[in-house]
Amino acid sequence: MRLTCPLCGDRDRREFYYYGAEDYLHRPAEGAPLAEWDNYLHLRDNPAGVLRDLWYHEAGCAQWLLVTRNTVTHEILGTELVAERKA
Amino acid sequence: MPELIAKSALEGRSVTLGNVTLAEVAVGPITSLAVFPAGGKAVAKGLKVLGLAMPEPGTFAEKKGARIVWTGREQAFLMGVDAPPLEGAALTDQTDGWAVLSVSGAGMADVLARWVPVDLRLAAFPVGRVMRTQLNHMNVVILRIGDHAVEIMVFRSMARTAWHEIETAMHMVAARAGVKI
Amino acid sequence: MRYSGLKVITEGLFGNKGWTPAWRDPAPKAEYDVVIIGGGGHGLATAYYLAKNHGITNVAVLEKGYLGGGNVGRNTTIVRANYMIPGNTEFYSHSMKLWEGMEADLNYNVMHSQRGLINLFHSDGQRDYWVRRGNAMINQGDDAILLEREGVREHLPYLDFENTRFPIYGGLLHPRGGSARHDAVAWGYARGADKRGVDLIQNCEVTGIDIENGVVRGVQTTRGAIRAKKVGIIVAGRSSQVAAMAGMRLPIESHILQAFVTEGLKPVINHVVSFGMGHFYISQSDKGGLVFGGDLDFYASYAARGNLPMVEHVMEAGMTLMPMIGRAKVLRSWGGIMDMSPDGSPVIDKTHVEGLFLDCGWNYGGFKAVPASGWCMAHLMATGNHHEVAAKFRLDRFATGHLLDEEGTGSQHNLH
Amino acid sequence: MRIDGKGLIDRTKPVRFRFDGKDYAGYKGDTLASALLANDVRLVGRSFKYHRPRGVLTAGSEEPNALVEVVGPSNQTPNVRATMQEVFEGLVAQSQNRLGSLRFDLLAVNDYLSPFLSAGFYYKTFMWPRAFWEGLYEPIIRRAAGLGSLSGKHDEGTYEKAFAFCDVLVIGSGPSGLIAALTAGRAGADVILCEESHALGGRLLSAGGTIGGVPAGEWVAQVVAELQALPNVRIMPRTTVTGAYDHGTYGALERVGLHKPARPNLPRECFWRIVAKHAVLASGALERPVAFENNDRPGIMMASAVRTYLNRYGVVPGKRVTLFANTDAARATARELMAAGVTVAAIIDPRPDASGVEECPVHVGAEVVGSRGRLGLSGIQVRKGSEVFEIETDCLAMSGGWNPTIHLTCHMNGRPRWDEDLAAFVPMEGAVQGLLAVGAANGSMSTHGALATGHAAAMKAVEALGRKVSVAVPEAEDMPYRLKALWAVEGKGRAWLDFANDVTTKDVKLAAQEGYRSVEHMKRYTTQGMAPDQGKNSNVAALAVLADATGRGIPETGVTTFRPPYVPVSIAAMGAGGRGEGFAPQRFLTSDQASRDRHAPMIEAGLWYRPSYFPKPGEATWREACDREVTMVRQAVGIADVSTLGKIDIQGKDAGRFLDFVYTNTFSTLPVGRVRYGLMLREDGLVLDDGTSARLGENHYLMTTTTAAAGLVMRHLDFVHQAFCADWQVRFISVTESWAQFAVAGPKARALVNSFLESPVELPFMGVAPVRIGGVDGRLFRISFSGEEGYEIAVPTRYGEALFRDLVARAETMGGGPYGMEALNVLRIEKGFITHAEIHGRISAYDIGMEKMVSAKKDCIGKAAATRPGLWGPEREQLVGLKTHAPISSGAHLFVPGTEVHRETDQGYVTSVGWSPTVGAWLGLGFLKDGRARIGEKVRLVDHLRGLDVICEVCHPVFHDPEGEKLRA
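Residue numbers (this note's numbering), protein chains in the order written: chain W, 16 to 102; chain P, 182 to 362; chain U, 4 to 419; chain B, 22 to 990.
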């Protein structure tokens, strides 16, 4: 499996650490009810299909990537830097 | 008053096997420049005295013994010279954090292909390019300094392992050279 | 038909003509008391115990592929009861007891073999952890023996005690741990359930769950609508998709776990051995293949196949721990889809929909749990009450913080 | 028997080798199989279950029968395909899976018991009495099962792994592969051409014919010469592509040194990870056997294998050969044998409309229905219409048609397509992104078809790469491929499908009869296709038999999944580099040699090596050294290397704000020159790590992490920064490796420190200051992990060793010295300081009594989730100290004295213990339900594993200097 790091280019999966779905980017505001935190930390759509998820280029540039990919075919549809993400 | 003797990680050793040479090299001071948001202009100004600029991702540049190496998003290592006074960036001394190994010779790419999971063909990784990647299970910075030469920066504490891995690969590549297909 | 050695001989003498199908191939009825979605190990065991323990036999198991085609047929077959945290210990202890009576109960030889499991440790800190765990096992009534380095050497002389990167300090021996023939477990439960009247319906995919006013009414399938008073979702890696049909978002992320088997070899490994520095566990099957595995591929996936980095990591771990296996050749690798939960422990619970039940979150420890999971899920579906050994497997425990985190790795799904 | 004038072996280079203790001669270029056949050795193995005599079936890696052990000077390799093992001078091989000799295998009794050993018999018996399974039945089954043997000795062989990258990967070097490589190579693309065999040419080496008007062998030589001359083409012989993985990654196994005597540093095998933009699958096709009664005797072989042995090795496996085949192509084998002067007794062709004209008897519309010969074929029974007759023969060449070698196209879950004309599965196009199957692998069976499709696929790749080339497709044979599907001949006896696992047509039918009708059920119930050949020779036929038995067509019956690897790969090859210390990098402290000089046992701490203790003459146990070192620190001064702690340099106007966000407590208010203890949570509210952070300047902090969590914390900080506050004015970088840092602890610490500073400093407790030591800039922290007055002194790493030696020497003049991990651990337990033994991932701030450190004034990572009700209250186990006078242990559990010991009464557990020479008691830290409310009570500590049962006093966790007077002195 290979991922294209926006900074480093095409790299082997072994250079990356995987965190989980992009849900982790949508941190509830301070004081949000616990149900929102449950949603944030635990509950997942877990699609069999297109998923946006978080990968860390640990052996490379130490950037977190937001990857759009298909969990059934493993097709990679796009990668962007978390720090410079659009949405 | 103690007398503090400086020691490099591998005490400058070197070895040649077949057509590949492995050596620990001294590269002088290393300073990390991490540009703050909106700090780019000030950094550019500060680097101008050295005739250098922040490098594009995956590249390095050299000028009069000073080398500036891209190492990450909005980050570079200034090597070989002390950092000039600089606004707009966090400067952190990294001199002691790294051991630098030079691997050179016609079989260099064959040796590194035993451990490095990236495309080292000259067209994909030409002279003047740098990458952060792995050497077996160690994180490294690799600079392409010649068609058949690289410098590999590895965490100092792991220098012995890095040396061992590369030397082992050199032995295996050399043993193969005697193999007829 | 009752299986026995005598039966094998008499059938053999008459050309094996008399063997009858292990289960029927019924068409789905319009209505059942209970519909189980998922014909894997847990689903089949649930159906079996609904019939056997609770007399509920008007049951259908709906399987979109073939029976036992999920993780029960693609795992490393390890059976153990070596948990540490209350909530888990009693459950796996119960499961072990069911394993120990399984062959007699099912009249099917699942080749459960208590050859002993040794979990190795490689530092003082790891020893302390395993001692805590071993004591928890004994407090639960199960067995554990602490082996120091020389004790490990007596059991496993072929390990690399001299050269390895992380020296072997010792191990925790769980004598009742072992392995079983995975397919046979699914088939044994299937045959037992079928015999008691359960309809096992293969090639029948559930496409919708019918809910009226918060009460489950049945399911839609590729073979038509089926009404049901109660529905159990027991679909492991597919839990999120099926639960979504009932409007639920689960605390589950699906991941790939690979496993490996070598060509057949004469016996060399008699235990189940688990490495403590990096995931690697191995045993030898009765056919002679070394069966081993490691960690997840670590990225969410439904592909049921893996990639090389984890393959290589597992092999490297094998080589540092027991280099005598170097010349064994890997014959086949495969991947299963694991329903990873945020604390590494499962869910056996009711849902917000009346009559709809959920059994999921087995991470990659579902095989050994098959009997107790079936037992407890059947209990819950039949009585409406949580079985005492599965009382803590609640769906809301992540929200409330009543966690069962054996590994202490936190809420990140893939770290368990 | 060797035939003069045939074959590609080098007859000038004879080679001696040994099989089952007997010496034989072969030639360079022989495989073990060809050399044994040349020596008329037909019996080479025993089957898996019935221990039937078996001979060579094929000439390739798909061989199911001729599996042997190759015995080297130091170790042996089981399950080696004799058809792939090249002979070399001194090769020693032996047969396997036998009890007694190969000719008189005692386990052959199983063959007579076969009626009782039908598919799945073991699921139905051996259940009573229960203890007999593990005690009796299973050991017998295990001993009988298995194939070859591992020696049980460490594999000391050399193995390697490597990466390669290319534009076009060509898999296979038959006609389609060669033309594909030539096309892409001439276009200037970077090409890797992998060939499983040692010689390039594929089927062209085994067959005659012409290409472009020249003999096929000559064409191969020309193309290979051109490819070798192209700098952009890398030819990899002896390399099998074993797996297709995501995004153009392929696994490949190269047999580097297996065809010659072992040589130092020469790898036996290399496992390649090849990344290709495009791939051409030119893997050819595998000929399939026909199931008939007793079709497994030595001497019954694949027709193509007989042809290969003749043309490539100059060997005929018999004196009177017969052919049983359902295609025209297979006839070539018979014709070439006759041309070489070998007697062909008959051709049996089941197709009623096949040609009856050959230079030997032809039985059209006939079938082979049986065979005889105990250890080797001596005759066959042929049925034509209602007539059955015998033919004497010692070699039957059979062919049931061909199966395209599509395995790699299925490795990513691609399902193959059934082709009715070929009666075979062909690849689904696009099953593996970037890979095109060509030639026979894609069902183009003629040489012309192979060349044309190989060329076309390469052209596609060339165009996609933006290159141009013109290569003409040479003329070649373009015979249509006609066959009548024939899977199994009707008959009563046992007809083998899976030779390797002893699965017969009866087994498959029995599976169907018993309801195991899904192809996966049939496979798993009968073990069909699960042997070393993974069903390469038998899966399709077994499927056809199952389809027939269940009244379905083959496409509806489905197909089992091909999974990697294509051929078995040794664990040592895929695990190359992992042996011994290679499994993980080793990290060494600058003080490493100095510690070893003092005979300190070095222990692993994560990847680091740290000294356990520093033994003195006369000390018999580690405890004596540890007690001495603890007392030394408490009474004088001790030195410890603490460089392994993670160090992160954090700068910027928002640095304080950032720390406030990642720590529970506040750092933005920390004065410059001061240090503060910080607690870090995971977002789920449980403790991630702890450590101190120092404020070095207005916008400059230095964070320390524990050794264990250094990498974890860095990743966490990167995430928090990049995900939530990328626009803040903060930057950070690890400086763990940049500084060597030493703890100086004890009542004499200050005197020692001031003895080497250029100008002595007076630091308050939790202070930090820049210092100069011997002309070097360093940092001095006044912090303590021992409870004594303590300093940590940091210098650039290059000076670490010198400073450590100097500090130890100074300490020794003051009654002190170095101390190791054991003493460090006792010191911190005495002081109630926690480590990851306590903060083990299930622990909240509340559990360790630090809930007040979670600032109410600000948000921080983990703050919200930490408020979940399950993480609070008297049911939680809380950190306490334990004290007693008998030895205690970590991992023990805690109970109320006088109560029964079981899960329900469990009150907690112990995380750290040590004998405290300071307190004069055994001390422990542990977690106890509602522990803070129970201080002063007694608990019963039980460690079943070590046989301990001790009453302890529950204490506040800080035993030593609870007021902190020594720290602040």
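Think of the CB as a built atom: it goes at the ideal place given N, C-alpha and C, for glycine as much as any other residue.
Would you call residue i buried or exposed, if buried means 16 or more other Cβ atoms sit within 10 Å of its Cβ?
{"i": "K361 (chain P)", "result": "Any reading at K361 (chain P) must be qualified, since the residue scores a pLDDT of 43, below 50, and its modelled position is unreliable; the value itself is stated next. Counting Cβ neighbours within 10 Å, K361 (chain P) comes out exposed, since fewer than 16 surround it."}
{"i": "E357 (chain B)", "result": "buried"}
{"i": "N320 (chain P)", "result": "buried"}
{"i": "Q141 (chain U)", "result": "In the sequence as presented, Gln is not what sits at residue 141 (chain U); that position holds Ile. With 16 or more other Cβ atoms within 10 Å, it is buried."}
{"i": "Y95 (chain U)", "result": "buried"}
{"i": "F583 (chain B)", "result": "buried"}
Confirm, please, whether the CB-CB distance from residue j to residue i is below 8 Å.
{"i": "L702 (chain B)", "j": "A866 (chain B)", "result": "yes"}
{"i": "F283 (chain U)", "j": "A320 (chain U)", "result": "yes"}
{"i": "V389 (chain B)", "j": "V363 (chain B)", "result": "no"}
{"i": "K637 (chain B)", "j": "R649 (chain B)", "result": "yes"}
{"i": "T19 (chain W)", "j": "T88 (chain W)", "result": "no"}
{"i": "G963 (chain B)", "j": "C973 (chain B)", "result": "One detail in the question is off: residue 963 (chain B) reads as Val in this sequence, not Gly. Going by C-beta atoms, V963 (chain B) is not nearer than 8 Å to C973 (chain B)."}
{"i": "L185 (chain P)", "j": "G795 (chain B)", "result": "yes"}
{"i": "I860 (chain B)", "j": "V708 (chain B)", "result": "yes"}
{"i": "T611 (chain B)", "j": "E813 (chain B)", "result": "no"}
{"i": "F301 (chain U)", "j": "P345 (chain U)", "result": "no"}
{"i": "G808 (chain B)", "j": "H977 (chain B)", "result": "no"}
{"i": "T757 (chain B)", "j": "K878 (chain B)", "result": "no"}
{"i": "F745 (chain B)", "j": "R42 (chain W)", "result": "yes"}
{"i": "H115 (chain U)", "j": "M105 (chain U)", "result": "yes"}
{"i": "G42 (chain B)", "j": "A59 (chain B)", "result": "no"}
Where DSSP assigns a beta bridge to residue i, which residues make up the other side?
{"i": "H177 (chain U)", "result": "U:L120"}
{"i": "C976 (chain B)", "result": "B:G902"}
{"i": "Q402 (chain B)", "result": "B:G391 and B:E411"}
{"i": "W508 (chain B)", "result": "DSSP lists no partner for W508 (chain B)."}
{"i": "T261 (chain B)", "result": "B:L274"}
{"i": "Y144 (chain B)", "result": "DSSP, once it has assigned bridges, lists no residue as partnering Y144 (chain B)."}
Following a CB-centred definition, is residue i positioned closer than 7 Å to any heavy atom of the ligand FMN?
{"i": "M500 (chain B)", "result": "This structure lacks the ligand FMN; in fact it carries no ligand of any kind."}
ask   = Whole beta strand (DSSP E) runs in the segment 796-824 of chain B with 3 or more residues, listed along the chain?
value = 797-802 and 811-817
Contact list for the segment 312-339 of chain U against chain W, Cβ threshold 7 Å = P312
Interfacial residues, the segment 688-714 of chain B to chain W, with Cβ spacing under 8 Å = E704 and D705
key: Near-chain U residues of the segment 252-284 of chain B - C-beta to any C-beta below 7 Å   = Y266, D267, T270 and G272
3-residue-minimum beta strand (DSSP E) runs that sit fully inside the segment 461-510 of chain B, ordered along the chain = none
key: Members of the segment 733-748 of chain B near chain W, C-beta cut-off 7 Å   = R736, D739, F740, Q743, A744, F745 and A747
query = Using a beta-carbon distance cut-off of less than 7 Å, what residues from the segment 420-440 of chain B approach chain W?
reply = none
ask   = At what residue ranges does the segment 149-215 of chain U contain a whole run of the beta strand (DSSP E), taking only runs of 3 or more?
value = 173-177, 202-204 and 209-215
inquiry  = Output needed in chain order: residues of the segment 375-407 of chain U with a Cβ under 9 Å from some Cβ in chain B.
reply    = R400, F401, A402, T403, G404, H405 and L406
ask   = Looking at chain B, which residues of the segment 48-60 of chain W have a Cβ within less than 7 Å of any of its Cβ atoms?
value = L49, W52 and L56
ask   = Unbroken beta strand (DSSP E) runs of length 3 or more, entirely within the segment 150-222 of chain B: which are they?
value = 180-192 and 212-215
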